[in-house]
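Residue numbers (my numbering): 15 to 279.
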Amino acid sequence: MKFVVLTIFPEMFASFWEYGIIRKAIETEKILASTLNIRDFAEDRHQVTDDRPYGGGSGMVMKPEPLAAAIRAAEQKAPSAPKILLTPQGRGFNQKIAHELAAFEELVFVCGRYEGVDDRIDHDLIDDEISIGDYVLTGGELAAMVIIDAVTRQIPGTLGGEDAAEKDSFADGLLEHAHYTRPHVFEGKAVPDILLSGHHEKIDNWRLESALMRTLMKRADLLQKKDLGAKEIRILKKWSRRIEDILKSYHRAHGERREGTEKKS
Ligand code: SAM
15 MKFVVLTIFP EMFASFWEYG IIRKAIETEK ILASTLNIRD FAEDRHQVTD
65 DRPYGGGSGM VMKPEPLAAA IRAAEQKAPS APKILLTPQG RGFNQKIAHE
115 LAAFEELVFV CGRYEGVDDR IDHDLIDDEI SIGDYVLTGG ELAAMVIIDA
165 VTRQIPGTLG GEDAAEKDSF ADGLLEHAHY TRPHVFEGKA VPDILLSGHH
215 EKIDNWRLES ALMRTLMKRA DLLQKKDLGA KEIRILKKWS RRIEDILKSY
265 HRAHGERREG TEKKS
């Protein structure tokens, strides 16, 4: 995968390429990463990349000429790449989009600054617009890093295990199961016995229950959208029966109190 990032602050990426999975992916040539400085495409003496907005108002706008020239240079470096503008007005980034982008061989990211880019760039030279959330950053660089990081995890061979990304949260519509490492007991809390059993099937079942439980507690909306498998339905029904039993015992013990009535302290 080749990533080309267009930015007026290429220095921001120097350390990003230098750490962890990204660094390893570059060293093993799973990814090729480079930046183009938009300033280098400004033709004036001061290499200006912004100007005042037509119609007045505060803030500056990214000038179209240097940006267009930078995008055309990126097209030479990565001819098959969709050109993605980072913008809070784009489609919301998520794991599905990370997976979708990982299918390309090349990606070009255009990082805005100031109040954003001249709208004519947006219309004519951009293939996709992505936002990393409903908030406004000062520039697209952090957004590009977020997306590059998430996409890189999706590239086979970039993580330790071949299927590690498939087990990440959201990959199958669930949050990932709980993780534990040494020590066996930490501040009085022990690792669940099953994880020490060496019994792979039982461990897989425990992990599925853990993933379902976490998703139910933290992101029930994901469960509602998920195409549940037979095993998952069995687990949810088991919990549902347990909850019904708990409520039945409660009602038997407190039959005189109406459902929903708070206990007075
Ligand atoms: N005035 C613009 C607006 O309200 O839509 C925001 C411009 S923002 C200050 C400057 C640049 O940061 C944008 O052009 C974009 O590249 C980047 N940016 C800001 N928030 C972002 C987000 N949530 N996702 C992706 N990029 C973002």
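Don't be surprised by glycine CBs; every beta carbon is placed ideally from N, CA and C. None of these values were measured; they are calculated from a predicted model.
request  = Use the C-beta contact count for V150: other C-beta atoms within 10 angstroms, 16 or more gives buried, fewer gives exposed.
outcome  = The count along the sequence shown starts at 1 and reaches residue 150 at position 136. Exposed, since its Cβ has fewer than 16 Cβ neighbours within 10 Å.
query = Looking only at its own chain, which residues have a Cβ that is under 7 Å from the Cβ of L139, when we skip the five neighbours before and after it?
reply = By one-based count along the sequence shown, residue 139 stands at place 125. So the qualifying residues of the chain are A82, I85, K97.
inquiry  = Closer than 7 Å to a non-hydrogen atom of ligand 2 - does that hold for the CB of V150?
reply    = As far as ligands go, the structure on display features ligand 1 and does not contain ligand 2.
task = At 3 residues or longer, and completely inside the segment 105 to 139: list those beta strand (DSSP E) runs for me, N to C.
result = 120 to 125
task = Could you tell me if the beta carbon of L100 falls within a distance shorter than 7 Å of some heavy atom in ligand 1?
result = Counting from one through the sequence shown, the residue named residue 100 turns up at place 86. The answer is yes for L100.
request  = Classify G106 as buried or exposed, calling it buried when 16 or more other Cβ atoms lie within 10 Å of its own Cβ.
outcome  = Within the sequence shown, numbered from 1, the residue matching residue 106 stands at position 92. Under this definition G106 is an exposed residue.
query = Just how far apart, CA to CA, sit A158 and R248?
reply = For the purposes of this step, residue 158 is taken as residue 144 along the sequence shown, with counting starting at 1. For the purposes of this step, residue 248 is taken as residue 234 along the sequence shown, with counting starting at 1. Their Cα atoms are separated by approximately 41 Å.
query = Are S145 and P102 close, meaning C-beta to C-beta below 8 Å?
reply = Position 131 of the sequence shown, counting from 1, holds the residue named residue 145. Position 88 of the sequence shown, counting from 1, holds the residue named residue 102. It is a contact, given that the beta carbons lie within the stated cut-off.
key: Presumed contact (8 Å Cβ cut-off) between H191 and R228, rounded CB distance   = Here residue 191 refers to the residue found at position 177 when the sequence shown is read from its first residue. Here residue 228 refers to the residue found at position 214 when the sequence shown is read from its first residue. Their Cβ separation, rounded to whole angstroms, is 7 Å, which keeps H191 and R228 in contact under 8 Å.
ask   = Skipping 5 residues on each side, what residues in its chain have a beta carbon closer than 7 Å to that of H281?
value = Lying before the first or after the last residue shown, residue 281 is absent from the chain, which here runs from 15 to 279.
ask   = By the 10 Å Cβ neighbour count, where 16 or more other Cβ atoms means buried, how is F200 classified, buried or exposed?
value = For the purposes of this step, residue 200 is taken as residue 186 along the sequence shown, with counting starting at 1. Exposed, by the Cβ-count rule.
message = Suppose the cutoff is 8 Å on Cβ atoms and the five residues either side in sequence are ignored; what does the same chain contact list for R233 look like?
response = By one-based count along the sequence shown, residue 233 stands at place 219. Excluding residues within five positions, the ones whose Cβ falls inside 8 Å are L189.
task = Could you check the C-alpha separation between V19 and F118 for me, to the nearest Å?
result = As a working mapping, residue 19 is identified with position 5 in the sequence shown. As a working mapping, residue 118 is identified with position 104 in the sequence shown. One C-alpha to the other measures close to 15 Å.
query = Which first and last residues belong to the alpha helix (DSSP H) in which D218 is found?
reply = Along the sequence shown, one-based indexing puts residue 218 at 204. Its alpha helix (DSSP H) spans residues 214 to 232.
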